[in-house]
């Protein structure tokens, strides 16, 4: 089959790039063809090595925009979405591809079908949803119900929380989120228990994350084995950059046990950073990540890394796979207990973590995502 991926995210982050790359490489590995359709003026941050076609109507981002201006930007985006749909419909009539994929859709994508010729597409149109809260599910199902008579309009929901999102709609299918694997570096499996256990905290730094409370817990833990923490922070604003530098200076006298990286990690550098640690620490979480997939958790599984994670983040994973420790999100006392317990029992549980990570890696393999999408298209 030839798949057309309609990518309209204006400012994709690292995991959006990895997801598109996963679709291209895994669908190709299954023997299919892939090409992109993007809004005019769209610039990819990665060369996916496949054809790229431009359609009329620029991408619109209203990040940071408020009030009437946000309403205007939103209306403009919806207008341009109709232009994209019209162009895709015309290309489908010309038999340019066998199926269309919207790789990061929401209920708005389905709502827009109501006045679009794309609802009459001669090829399957696949909307991939990256997780649903119960509130989001209501809106999605309302719009999915309106197109349930259109056999070629199909919705795939990636979630670990399928049991809490049940629906009787036949045009909504569920499948597990994929793990993110190292694609640009060679990673040798770790065969022995590390002498120094390396914990890693990665991501974009913002002041509201309250990183210092996490670091204070760490430096006050009673560890019974050698351990080191790597803290990577990418900052986008001058204010956040200054604050992160302040934190680096504040904890400078803990240099033997805490290492700071103040820079973004992209591509092979990101993969190498993840590869060099043993355990990913994810001490923060919101209600959204009870239902939406944590890309960092999927990265941990894909890189065979154990985790220390807030219990509100995709709890189904640790309920099924013994790959680390969890604690009540926001409870720093519980976090300290979990951190100490994990580190001090790591040697005894190392083989269990390794076996369980192998199991999770196989269950959430990227190739399975590609096959699920192919099945959705057939």
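In our numbering, the protein residues as written are 1 to 378.
From the three backbone atoms N, C-alpha and C, an ideal C-beta is built for every residue, glycine too.
Within the DSSP bridge table, the entry for residue 200 names 230 and 280 as partners.
Excluding sequence positions up to five before and after residue 109, its CB lies within less than 6 Å of the CB of 102 and 127, all in the same chain and listed in chain order. Scanning its chain for C-beta atoms nearer than 8 Å, with the 5 sequence neighbours on each side dropped, one finds around residue 245 the residues 262, in chain order. Residue 50 places its beta carbon less than 7 Å from that of residue 34. In chain order, 33, 97 and 98 place their CB closer than 6 Å to the CB of residue 2, counting only its own chain and leaving out the 5 sequence neighbours on each side. In the structure shown, the three-state DSSP call for residue 101 is strand.
Taking the C-beta atoms as reference points, residue 185 is found no nearer than 7 Å to residue 276. Taken through DSSP and simplified to helix, strand or coil, residue 354 comes out as helix. Scanning 213, 208 and 267 for the CA closest to the CA of residue 239 turns up 208.
Separation of the CB atoms of residue 295 and residue 323 is rounded to 16 Å, and the pair is thereby denied contact status at 8 Å. Per DSSP, reduced to three states, the secondary structure at residue 190 is coil, with no helix or strand assignment. Every beta strand (DSSP E) of 3 residues or more that sits fully in the region 264–336 is shown, in chain order, as 279–282, 306–310 and 324–327.
Going by C-alpha positions, residue 250 is about 12 Å away from residue 211. When DSSP reads this structure, residue 84 sits in no beta bridge, so it has no partner.
Close CB contacts of residue 81 within its chain, under the 7 Å cut and outside five residues either way in sequence, are with 112 (chain order).
The C-alpha of residue 346 is placed about 21 Å away from the C-alpha of residue 298. Beta-bridge pairing by DSSP links residue 54 to 38. Scanning 367, 376 and 306 for the CA closest to the CA of residue 25 turns up 367. Beta-bridge partners of residue 261 (DSSP): 232. Residue 2 has 33 as its beta-bridge partners, per DSSP.
Sequence-distant partners of residue 267 (beyond 5 residues in either direction) whose C-beta falls short of 7 Å from its own C-beta, in its chain, are 184. 7 Å or more divides the Cβ of residue 144 from the Cβ of residue 129.
Rounded to the nearest whole angstrom, the C-alpha separation of residue 326 and residue 357 is 16 Å. Counting of Cβ neighbours within 10 angstroms places residue 152 among the buried residues, the total reaching 16 or more.
Here residue 93 really is in contact with residue 122; their C-beta atoms are around 6 Å apart, less than 8 Å.
Residue 146 carries a helical assignment under DSSP once its states are collapsed to helix, strand and coil.
For residue 126, the enclosing beta strand (DSSP E) stretches over residues 125–130.
Between the region 280–287 and the region 298–316 there are three or more inter-stretch CB-CB distances shorter than 8 Å, so the stretches are counted as touching. For residue 218, the closest of 289, 354, 15 and 339 by C-alpha to C-alpha distance is 339. Per DSSP, reduced to three states, the secondary structure at residue 244 is helical. Here the region 224–232 makes contact with the region 196–204; the two share three or more CB pairs at distances below 8 Å. For residue 214, the enclosing alpha helix (DSSP H) begins and ends at 211–219. When secondary structure is reduced to three states using DSSP, residue 181 falls in the coil class, being assigned neither helix nor strand. Residue pairing by DSSP places residue 45 in no beta bridge whatsoever. Excluding sequence positions up to five before and after residue 194, its CB lies within less than 7 Å of the CB of 278, all in the same chain and listed in chain order.
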